[in-house]
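Each protein sequence line maps, in turn, to chains A and B.
The first sequence stops at residue 538 when you use our numbering, and every number in between is there.
The second sequence stops at residue 161 when you use our numbering, and every number in between is there.
Don't be surprised by glycine CBs; every beta carbon is placed ideally from N, CA and C.
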Amino acid sequence: MGHSDQVVRRRARRWDMYQMRFSSVFQPVNLGMHSSSHQQQDGHAAMQGVRVESPLRYTPYAISPSHRRVSFLKQDQTHVNMEREQKPPERRVEVNRPHGTLGSWFKITIPFGIKYNEKWLLNLIQNKCSVSFNPVEFRYEKMNATFFVENASVASALKNVSGKIWDEDNEKVSIFVCPDGIPHSVQRELKSEKVEQVKLAVNHQQALDIQKLPIYSDFMTCDTKMAPNPRKGVAASLHVREENTPKVMSSGETDKWKGTEPGEKCVDRSPVCTTFLDNSSNINSILELFPKLLCLDAQQSPGPTLCGLEAHKRLPTCKGSFFGSEMLKNLVLQFLQQYYLIYDSGDRQGLLCAYHDEACLSLSISFNPGDSALSNLFKYFKDNRNIKAVKDPDLRGQLLRHTKRDIVDFLGALPKTQHDLSSFLVDMWYQTKRMLCFSVNGVFKEVEGQSQGSVLAFTRTFIATRGSSSSLRIVNDELFLRGTSHQRTQSALFTLVPTPFSSSMPAFSQEQQKMAQGFSAQSGMNFQWSQKCLHNNQ
Amino acid sequence: MPVTRPRDSQWMSPTGRQGDSCGQRGGFPGTLAREKGDKPIWEQIGSSFIQHYYQLFDNDRTQLGAIYIDASCLTWEGQQFQGKAAIVELSSLPFQKIQHSITAQDYQPTPDSCIISMVVGQLKADEDPIMGFHQMFLLKNISDAWVCTNDMFRLALHNFG
């Protein structure tokens with residue numbers, strides 16, 4: 001790129017537009033952007049009353065100038081003149097095909113692609129890609145860049161490019177391919193009765209290309225209520241008032257649960273909207289993370305010794321994931337989704353863009369000598385920074401990974417994993433304009449090596465700086481690993497294959513109830529919590 | 001009065017001889033520089049704090065308020081409690097005795113001169129079965145004393161020890 005005055009002025013204008021586009025994240029607007037088609041409208045609406053941040057602050061970890069994007073707000077007529085750079089012709093391609101035919105569509109996602117100029121990005125990919133591709137409906141969805149291509153071999157060629165291209169900060173660019181995306185323009189052409197045919201075709205295509213393409217987790221909402229074990233102490237004292245029970249978004253299938261016993265409603269799961277052919281044909285909204293919500297029901301009949309105490313000293317209710325606001329929730333959830341998408345992909349070099357240059361990371365393991373899961377943790381021992389195990393200050397100094405390259409190299413050497421995002425419990429515990437701190441609890445499975453199939457539990461705390469583009473860069477990353485306690489939960493099916501056309505999860509079968517009861521008796525957990533653990537590992 | 005000196009006297013005054021508070025050595029990366037064999041200041045502080053906190057919790061919960069300030073925020077099983085008073089109220093829990101046993105702890109310095117301490121362990125309240133928990137503290141140096149500005153507590157669901 002040249003450095004003439006004209007170019008510099010153009011860049012400055014683009015940067016301003018870009019800022020305006022995202023200055024809405026600093027305002028308490030309604031950011032329930034679940035469909036990409038509404039996203040731009042919301043952003044535009046939010047812009048009306050928004051004060052643009054000025055002057056521009058120096059943010060060393062913000063987007064580099066060569067990658068600033070033009071505004072892509074189609075409705076934004078006032079900026080039409082400024083878009084002389086022109087949207088590339090591909091963006092206005094109408095799908096010219098005979099009415100009713102389909103082909104096989106794939107949605108291409110570049111995580112954190114929001115940093116990149118569209119033209120630059122597409123050129124970068126095309127230069128490396130062995131086949132030429134025609135990107136359809138390029139758009140930015142939250143932190144990602146996405147577009148569609150219409151051919152399995154093209155999609156496959158694009159997938160091969162992932163991790164083989166670098167941006168100007170020398171960070172790897174990852175490309176993810178999903179077989180279930182269909183561009184809006186194509187959808188509109190199809191009549192409703194064709195939709196069913198499409199579903200079948202996509203499913204079939206997915207089955208054919210399943211080895212080549214990554215599997216996306218199916219993230220489910222969970223409306224879980226559990227009664228505490230009627231015993232004294234911490235567990236028994238936790239209770240929830242009905243009106244405080246968080247309501248979980250569902251796709252309208254809660255009527256299926258009418259007629260169940262109150263006790264049986266302890267674990268019900270309504271899936272997130274999973275049809276890929278509705279208006280929000282947006283893999284990110286579908287994959288949007290809804291961490292399980294955990295509540296404890298009011299104790300029906302407290303033990304006599306507790307009555308007096310409980311009247312005065314009630315423990316607070318136990319709630320699910322905690323976020324400061326809807327906007328921050330979206331930010332964090334999306335970040336986690338992106339992060340673990342790359343983390344589980346097999347090439348963790350793509351995480352470089354998620355870390356600050358001077359980030360720190362450490363890993364600690366906790367276990368009890370009698371743990372049956374101990375052997376699964378052996379491979380992590382050499383990196384364990386748990387001060388209970390490692391006291392030598394020099395060794396501890398070495399085990400604290402510093403700088404993003406060091407960190408990503410270290411992560412890349414860890415076993416390959418598959419995280420169960422539906423098990424994630426997220427706490428956002430500190431936030432300022434510049435910084436965000438949150439912790440994640442959940443489980444993951446190792447998918448290669450000697451302990452393949454073993455399930456481990458983790459707690460991970462992130463401290464991240466917030467760039468002006470609503471991007472997050474991790475500065476502190478502290479990971480704790482431990483085994484999961486019961487063999488039976490480990491061996492239970494750990495299914496992460498997407499089931500886009502499945503109906504809601506069934507209630508527990510008789511056999512599963514028995515399993516949960518047995519688990520409960522052995523572990524001392526109350527029944528409902530046993531069910532939850534069982535469900536977590538299904 | 002925020003706690004500055006635990007009983008074991010390993011507490012390092014942030015402006016004491018052995019080192020400055022985290023931020024004064026030239027920013028975040030500077031805190032990681034150290035002499036061979038030295039325990040970094042933030043590790044000492046983190047370690048002392050953890051020890052002190054659980055000692056207080058297990059033996060005299062009423063004193064816990066001292067380590068928080070009014071701006072402190074506790075996230076307890078997903079619910080937020082702001083301020084010293086609210087946190088202290090939470091501390092008056094309906095059990096007679098409680099014991100914590102730490103199985104893992106680790107610390108890191110943060111860019112804004114704080115210390116993040118993470119703990120995983122087990123607790124036993126009265127005669128209840130043992131439960132796993134994990135807790136995270138963000139420590140900050142305010143007026144020459146280290147206090148806890150953020151505290152996050154969760155019971156561990158996947159491992160009951």
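(1) Could you pull out every residue in the same chain whose Cβ sits closer than 6 Å to the Cβ of T75 (chain B), ignoring the five residues on either side in sequence?
(2) Given a threshold of 16 other Cβ atoms within 10 Å of its Cβ, counted over all protein chains shown, does Q96 (chain B) qualify as buried or as exposed?
(3) Chain A beta carbons: is any one of them nearer than 8 Å to that of T62 (chain B)?
(4) Using 10 angstroms around the beta-carbon of I41 (chain B), count the other beta-carbons present and answer buried if the total reaches 16, otherwise exposed.
(5) If we ignore side chains and look at the alpha-carbon of each, how far apart do T62 (chain B) and L331 (chain A) end up?
(6) Starting from the C-beta of Y58 (chain A), find all residues in its chain whose C-beta is less than 6 Å away, skip the five residues before and the five after it, and write them out in chain order.
(7) Measuring only the C-alpha atoms, how far is Q126 (chain A) from S132 (chain A)?
(8) Can you check the stretch 53-127 of chain B for any alpha helix (DSSP H) of at least 4 residues that lies completely inside it and give the ranges in chain order?
(9) Could you tell me whether any Cβ in chain A is nearer than 8 Å to the Cβ of H134 (chain B)?
(10) Taking only the alpha-carbon atoms, compute the straight-line gap between K84 (chain B) and G65 (chain B) and give it to the nearest angstrom.
(11) Taking any Cβ of chain A, which residues in the stretch 69-92 of chain B have a Cβ under 9 Å from it, in chain order?
(12) Could you confirm whether any beta carbon from chain A is found closer than 8 Å to the beta carbon of K39 (chain B)?
(13) Which residues in the same chain have their Cβ closer than 6 Å to the Cβ of S439 (chain A), if we skip the five residues on either side of it in sequence?
(14) By the criterion of Cβ-Cβ separation under 8 Å, what are the contact partners of N59 (chain B) in chain A?
(15) Just how far apart, CA to CA, sit D169 (chain A) and S470 (chain A)?
(16) Does the Cβ of R188 (chain A) have 16 or more other Cβ atoms within 10 Å, making it buried, or fewer, making it exposed?
(17) Determine the extent of the alpha helix (DSSP H) in which V408 (chain A) is found, giving its start and end residues.
(18) Count the CB pairs spanning the stretch 132-149 of chain B and the stretch 379-387 of chain A that are closer than 8 Å, and state whether there are at least three.
(19) Among A:T432, A:V408, A:N441 and A:P179, which has the Cα closest to the Cα of D420 (chain A)?
(20) Does the beta carbon of T417 (chain A) sit closer than 8 Å to a beta carbon anywhere in chain B?
(21) Compute the beta-carbon to beta-carbon distance between D106 (chain B) and S321 (chain A), rounded to the nearest angstrom, for a pair I have assumed lies under 8 Å.
(22) Can you tell me whether A152 (chain A) is helix, strand or coil according to DSSP?
(23) So Q349 (chain A) packs on V408 (chain A), CB below 8 Å; how close in whole Å?
(24) How close, in whole Å, do the beta carbons of S174 (chain A) and S345 (chain A) come, if the pair is a contact with beta carbons under 8 Å?
(25) Should I98 (chain B) and L138 (chain B) be called a contact, given that it needs their Cβ atoms to be closer than 8 Å?
(26) Using a Cβ-Cβ cutoff of less than 7 Å, which residues in the same chain neighbour L342 (chain A) once the five nearest sequence positions on both sides are dropped?
(27) Where G324 (chain A) and Y430 (chain A) are concerned, what is the direct C-alpha to C-alpha distance, given to the nearest angstrom?
(28) Comparing C-alpha positions only, which one of B:K140, B:D60 and B:A156 sits nearest to C73 (chain B)?
(29) Does any C-beta atom of chain D lie closer than 8 Å to the C-beta of I102 (chain B)?
(30) Against N150 (chain B), what residues of chain A qualify as contacts under a CB-to-CB distance less than 8 Å, listed in chain order?
(31) Can you tell me the Cβ-Cβ gap for S117 (chain B) and I50 (chain B), rounded? I've got them flagged as a contact below 8 Å.
Quick answer:
(1) For T75 (chain B), where only same-chain residues beyond five positions count, the Cβ hits under 6 Å are M152.
(2) Around the Cβ of Q96 (chain B), a 10 Å sphere holds fewer than 16 other Cβ atoms; the residue is exposed.
(3) Not a single C-beta of chain A is nearer than 8 Å to the C-beta of T62 (chain B).
(4) Buried, by the Cβ-count rule.
(5) One C-alpha to the other measures close to 38 Å.
(6) Any answer about Y58 (chain A) is weak, because its pLDDT of 41 lies below 50 and its placement is not dependable; what the coordinates show is given next. If we look at Y58 (chain A) and ignore the five residues flanking it on each side, it has no Cβ neighbours.
(7) Computed Cα separation, rounded: 6 Å.
(8) The stretch 53-127 of chain B contains these whole alpha helix (DSSP H) runs: 83-91.
(9) Residue contact with chain A for H134 (chain B): present (Cβ-Cβ distance below 8 Å to some residue of chain A).
(10) Going from the Cα of K84 (chain B) to the Cα of G65 (chain B) covers about 6 Å.
(11) Correct list: C73, L74, T75, W76, E77, G78, Q79, Q80, F81, E89, L90 and S92.
(12) Under the 8 Å criterion on CB atoms, K39 (chain B) is classed as interfacial with respect to chain A.
(13) Closer than 6 Å at the Cβ level, and outside the excluded window around S439 (chain A), lie D427 and T461.
(14) In chain order: nothing, as chain A lies at least about 17 Å away.
(15) D169 (chain A) and S470 (chain A): Cα-Cα distance of roughly 19 Å.
(16) Label assigned to R188 (chain A): exposed.
(17) Unbroken alpha helix (DSSP H) run through V408 (chain A): K404 to A413.
(18) In this structure the stretch 132-149 of chain B does not lie against the stretch 379-387 of chain A, because fewer than three pairs of beta carbons, one per stretch, are closer than 8 Å.
(19) Ranking A:T432, A:V408, A:N441 and A:P179 by Cα distance to D420 (chain A) puts A:N441 first.
(20) At a cut-off of 8 Å between C-beta atoms, T417 (chain A) does not count as an interface residue with respect to chain B.
(21) The C-beta distance from D106 (chain B) to S321 (chain A) rounds to 23 Å, too long to fall under 8 Å, and the pair is not in contact.
(22) Correct three-state label for A152 (chain A): helix.
(23) Their Cβ separation, rounded to whole angstroms, is 6 Å, which keeps Q349 (chain A) and V408 (chain A) in contact under 8 Å.
(24) Confirmed, about 7 Å.
(25) Contact check for I98 (chain B) against L138 (chain B) fails: the beta carbons are separated by 8 Å or more.
(26) The residue asked about is misnamed: residue 342 (chain A) is Ile in this sequence, not Leu. Within the same chain, P111, S174, R348, G350 and L351 come within 7 Å of I342 (chain A) by CB-CB distance, once the 5 residues on both sides are set aside.
(27) Between the C-alpha atoms of G324 (chain A) and Y430 (chain A) there is a straight-line separation of about 8 Å.
(28) Out of B:K140, B:D60 and B:A156, B:K140 has the C-alpha closest to the C-alpha of C73 (chain B).
(29) Included in the structure are the protein chains A and B, with no chain D among them.
(30) Going along chain A in sequence order, the residues near N150 (chain B) (Cβ under 8 Å) are W429, Y430 and C437.
(31) Indeed, because the Cβ distance is near 6 Å, the residues count as touching under 8 Å.
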